[in-house]
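Note sheet for the following structure.
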Amino acid sequence: MLYHWDQASKASIGDWFAVIWHGLPMDLSTAGYFVVIPALLLIASIWVDRRYIAPAVNVYGIIILLVITLIFLVDIELYSYWGFRIDTTPLFYLKSPKDALASVSTWMLILGIVCFALCFAGVYWLFRRYVLSLYQKMPKVPVRRVVYTIYMTLLAALLFIPIRGGISVSTMNVGTAYFSNVLFLNHSAVNPVFNLMASFGAENDFGQQYRFMDDKEAHRIFSELREKPVAADSVPVVLNQQRPNVIFFILESFMSKDFESLGGLPVAQNLNRLCGEGVVFTHIYANSFRTDRGIIANLSGYPAQPTTSIMKYPVKSQSLPSIQKSLKNAGYACSYYYGGDADFTNMRSYLMSSGIDKIISDKDFSLKERMSKWGAPDHILIRRLLNDLQHPPRQPFFTVVQTLSSHEPFEVPMHRLKDPYLNSVAYTDSCLGVFIDAMKKSPLWKNTLLVFVPDHAMRYPATIENTDPNRYKIPIIWAGGAVRKPMKVDRYGSQIDQAATLLYQLGIDHSAFTFSKNLLNPNNPQFGFFDFVDGFGFASPQREVVYDHAQKKVVYGDQASVEFTKGKAFLQCLYDDLARR
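Residues 1 to 581 in the UniProt record's numbering are what the sequence shown lists, from first letter to last.
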């Protein structure tokens, strides 16, 4: 709370004590788990020479304290970016340590190492002073060993009470620390070590998660949310040709607040100009909060999951439909451009299995060009793309371009705006402006569709909570010579609807995309689904509702609303589908 003073300063003295009080049972439960081994060693000391016990406790203490210190410090910094306590998500990214650390500035990394050393030294001193000393001063092995063993075993068994969270029917879980309508206070009460351990248990057995209602009822409601039949002449044709080239930009951390024409700030000025030249979808919600989820939502029309990422499971992700797979079957040449590491978060596995023929990534740029922590910055990426388009692949082609410079730590070679995030967006937008201007002079322009869609939105301002629907609002922009005329689409949807909408305009079957709906089909239900760690949101033209599963309650909107029921059915059917893959 001290570290995140911008949010904690709003809390009263009573709130601070309430955080401590409501978090204490979880702290005791976490401590109980770690005390089990020392308790067993204490019992062993009845039968084993005590000279061997203290060193064993010391080694155990060093390992545990190193782990706990690391978890606490990583958690406290990650919360600034993610808005939730640490879970298994960072472990997924640690498969590529270089990219995992790219979000952290050099000075922050140095400061973190210093803080880690100081914190560990402090807790280890306390451990030696008040815990290890007890083992070093243990009395001689008692004569009545059996009696003492039974006595100590019974005492050790009492650890079950704090570990379980008491003797009531319910057991300790993350939600027990929640007590306030202010999410930050609830998060502050959660023990990050317990939260991380609990998230491991939520990784598998997907078919048993989020069981809100009878399966038949869930699938009946979900059927009402799926794509509806429609007469061909009732869907507006927004393209002037059926098989244009498609360049699909996935924009790192862009959001509606970056666009003045969408009620935001004058940040993404070049893309904002395109909003008046092409087709802009105005009521779109980012499906999730991380890039690996956003890529699959955009390209496979498959919703993100609150407790995991399907990209972690290549066997499952390769079973997904994808825009690139459908276009490849229709004769398109498919490629992917990214200035960073394409192996990060199993991305290459997904791309290759989903129909991408050619991947340009960090290894295709010189060391001099890889000047940012993430790899080649966006102006280098755009320059490479423009050079390659001078000798384009066979047409039609489908090219995905993933930007990276507007990712933490927002270090870009431009300084127009004071806020680091907004400045990084302005930089990427300037790079896209160069691309757009060059394309308009190219013969490719007249038969090319440009698609611009974020991977996820940004937590901006930093005080916005993950349960606020405004956190997820993003635009989708279609532009280029292949667009028939400017158009504004106000129908509600999310990134997952991009697949069905695009493929329909290209005259390609999209029935394999179970969760995606054509945003231009007037018979389709209007809704946008999004999720965050252990929760989801469901937005319609009538209302928005957000449910926090940790608290087991609606934290935004009306719990009695039909949107809440539809959101529950949608999420339940998503996990049924995930379990089957």
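Cβ coordinates follow ideal geometry from the N, Cα and C atoms, glycine included.
Keep in mind it's a predicted model, so treat the numbers as computed, not measured.
For residue 582, the nearest candidate out of 289, 222, 224 (CA to CA) = Residue 582 cannot be examined here, being either before or after the span of the chain that is shown, 1 to 581.
Limits of the unbroken beta strand (DSSP E) element including residue 448 = Counting from one through the sequence shown, the residue named residue 448 turns up at place 448. Per DSSP, residue 448 belongs to the beta strand (DSSP E) from 448-454.
ask   = How about the region 272-288 and the region 477-487: do they share at least three Cβ pairs that are nearer than 8 Å?
value = yes
query = With which residues is residue 335 paired in a DSSP beta bridge?
reply = Here residue 335 corresponds to residue number 335 of the sequence shown, with the count starting at 1. Per DSSP, 358, 399.
task = Answer yes or no: do residue 323 and residue 310 have a C-beta to C-beta separation smaller than 9 Å?
result = Here the question's residue 323 lines up with position 323 in the sequence shown. Here the question's residue 310 lines up with position 310 in the sequence shown. No, they are not a contact pair.
request  = Assign residue 253 to one of three DSSP states: helix, strand, or coil.
outcome  = As a position in the sequence shown, residue 253 is number 253, starting the count at 1. It is coil, neither helix nor strand.
message = So if DSSP puts residue 488 in a beta bridge, which residue, or which two residues, is it bridged to?
response = Along the sequence shown, read from residue 1 onward, the residue named residue 488 stands at position 488. For residue 488, which the question treats as bridged, DSSP gives the partners 280.
ask   = How would you label residue 110, buried or exposed, when you count the other beta carbons within 10 angstroms and need 16 or more for buried?
value = Taking the sequence shown and counting its residues from 1, the one referred to as residue 110 is at position 110. Label assigned to residue 110: exposed.
ask   = Hey, out of 345, 138, 245, 167, whose CA is closest to residue 333's CA?
value = Locating residue 333 in the sequence shown gives position 333, where the first residue counts as 1. It is 245 whose Cα lies nearest to the Cα of residue 333.
request  = Using beta-carbon positions only, say whether residue 352 and residue 172 come within less than 9 Å of one another.
outcome  = To locate residue 352, count along the sequence shown from 1; it is residue 352. To locate residue 172, count along the sequence shown from 1; it is residue 172. Not in contact: residue 352 and residue 172 (Cβ atoms no closer than 9 Å).
ask   = CA-CA distance, residue 495 and residue 282?
value = Start at 1 with the first residue of the sequence shown, and residue 495 comes out as number 495. Start at 1 with the first residue of the sequence shown, and residue 282 comes out as number 282. Rounded to whole angstroms, residue 495 to residue 282 spans 12 Å at the Cα level.
key: Touching by the beta-carbon criterion (3+ pairs, under 8 Å), the region 73-93 and the region 185-199   = yes
message = Using the Cβ count rule (16 or more neighbours within 10 Å means buried), how would you classify residue 374?
response = Counting from 1 along the sequence shown, the entry for residue 374 is found at position 374. Label assigned to residue 374: buried.
task = Give the DSSP-derived three-state secondary structure of residue 523 in the structure shown.
result = Position 523 of the sequence shown holds residue 523. The answer is coil: DSSP assigns residue 523 none of H, G, I, E or B.
task = Taking the CB atoms as reference points, tell me whether residue 472 and residue 530 lie closer together than 9 Å.
result = For the purposes of this step, residue 472 is identified with residue 472 of the sequence shown, where counting begins at 1. For the purposes of this step, residue 530 is identified with residue 530 of the sequence shown, where counting begins at 1. Their beta carbons are under 9 Å apart, which means residue 472 touches residue 530 by this criterion.
inquiry  = Let's see if you can read the secondary structure: which residues bound the beta strand (DSSP E) around residue 553?
reply    = In the sequence shown, residue 553 corresponds to position 553, counting from 1. Unbroken beta strand (DSSP E) run through residue 553: 553-556.
message = I'd like the list of long-range same chain contacts for residue 372, defined as Cβ closer than 7 Å, with 5 residues on each side in sequence excluded.
response = Taking the sequence shown and counting its residues from 1, the one referred to as residue 372 is at position 372. Correct list, in chain order: 405, 411.
request  = Excluding the 5 residues preceding and the 5 following residue 422 in the sequence, name in chain order all residues of the same chain whose CB lies nearer than 8 Å to its CB.
outcome  = Residue mapping note: residue 422 aligns to position 422 of the sequence shown, counting from 1. Same-chain partners within the cutoff: 258, 265, 267, 460.
query = Which class does residue 478 belong to by DSSP, given the choice of helix, strand or coil?
reply = Your numbering for residue 478 matches position 478 in the sequence shown. Residue 478 falls in the strand class under three-state DSSP.
key: CB of residue 454 within 9 Å of CB of residue 152, strictly   = The residue given as residue 454 occupies position 454 in the sequence shown. The residue given as residue 152 occupies position 152 in the sequence shown. Their beta carbons are not under 9 Å apart, which means residue 454 does not touch residue 152 by this criterion.
ask   = Using DSSP with H/G/I as helix, E/B as strand and the rest coil, what is residue 24?
value = Position 24 of the sequence shown, counting from 1, holds the residue named residue 24. Correct three-state label for residue 24: helix.
query = Are the region 153-165 and the region 31-43 touching by the rule of at least three beta carbon pairs closer than 8 Å?
reply = yes
Same chain, Cβ closer than 6 Å to residue 386, five either side skipped, listed in chain order = For the purposes of this step, residue 386 is identified with residue 386 of the sequence shown, where counting begins at 1. Contacts found: 438.
key: Residues of its chain near residue 19, where Cβ-Cβ distance is below 6 Å and the 5 sequence neighbours each way are ignored   = As a position in the sequence shown, residue 19 is number 19, starting the count at 1. If we look at residue 19 and ignore the five residues flanking it on each side, its Cβ neighbours are 185, 188, 189.
query = Is it buried or exposed for residue 452, if we count other Cβ within 10 angstroms and need 16 for buried?
reply = What you label residue 452 is simply residue 452 of the sequence shown in a count that begins at 1. By the 10 Å Cβ count, residue 452 comes out buried.
request  = Pull up the CB-CB distance for residue 535 and residue 546, whole angstroms please, since I reckon it's below 8 Å.
outcome  = Within the sequence shown, the letter at position 535 stands for residue 535. Within the sequence shown, the letter at position 546 stands for residue 546. Their Cβ separation, rounded to whole angstroms, is 7 Å, which keeps residue 535 and residue 546 in contact under 8 Å.
query = Would residue 214 be called buried (16 or more neighbouring beta carbons within 10 Å of its own) or exposed?
reply = Residue mapping note: residue 214 aligns to position 214 of the sequence shown, counting from 1. Classification for residue 214: exposed.
query = Measuring CB to CB, does residue 316 end up less than 9 Å from residue 345?
reply = Taking the sequence shown and counting its residues from 1, one reaches residue 316 at position 316. Taking the sequence shown and counting its residues from 1, one reaches residue 345 at position 345. Their beta carbons are not under 9 Å apart, which means residue 316 does not touch residue 345 by this criterion.
query = Going by beta carbon distance, what residues of the same chain come within less than 6 Å of residue 358, once the five residues before and after it are set aside?
reply = By one-based count along the sequence shown, residue 358 stands at place 358. Around residue 358: 335.
message = For residue 524 and residue 554, I'd like the C-alpha separation in whole angstroms.
response = As a first step, residue 524 must be located in the sequence shown, where it is residue number 524. As a first step, residue 554 must be located in the sequence shown, where it is residue number 554. Straight-line Cα distance between these residues: approximately 26 Å.
task = Would you mind sorting residue 583 into buried or exposed? The rule is 16 or more other CB atoms within 10 Å of its CB.
result = A query on residue 583 cannot be resolved here, the shown segment of the chain reaching from 1 to 581 and no further.
ask   = When the distance is taken between beta carbons, is residue 513 closer than 9 Å to residue 300?
value = Position 300 of the sequence shown, counted from the first residue, corresponds to residue 300. Position 513 of the sequence shown, counted from the first residue, corresponds to residue 513. Going by C-beta atoms, residue 300 is nearer than 9 Å to residue 513.
ask   = Would you call residue 569 buried or exposed, if buried means 16 or more other Cβ atoms sit within 10 Å of its Cβ?
value = Taking the first residue of the sequence shown as 1, we reach residue 569 at position 569. Residue 569 comes out buried.
Distance, residue 456 Cα to residue 397 Cα = What you label residue 397 is simply residue 397 of the sequence shown in a count that begins at 1. What you label residue 456 is simply residue 456 of the sequence shown in a count that begins at 1. Residue 397 and residue 456: Cα-Cα distance of roughly 25 Å.
message = Just to confirm the assignment, what range does the alpha helix (DSSP H) spanning residue 539 have?
response = Here residue 539 is taken as the residue at index 539 of the sequence shown, counted from 1. Segment 535-539 is the beta strand (DSSP E) holding residue 539; no alpha helix (DSSP H) there.
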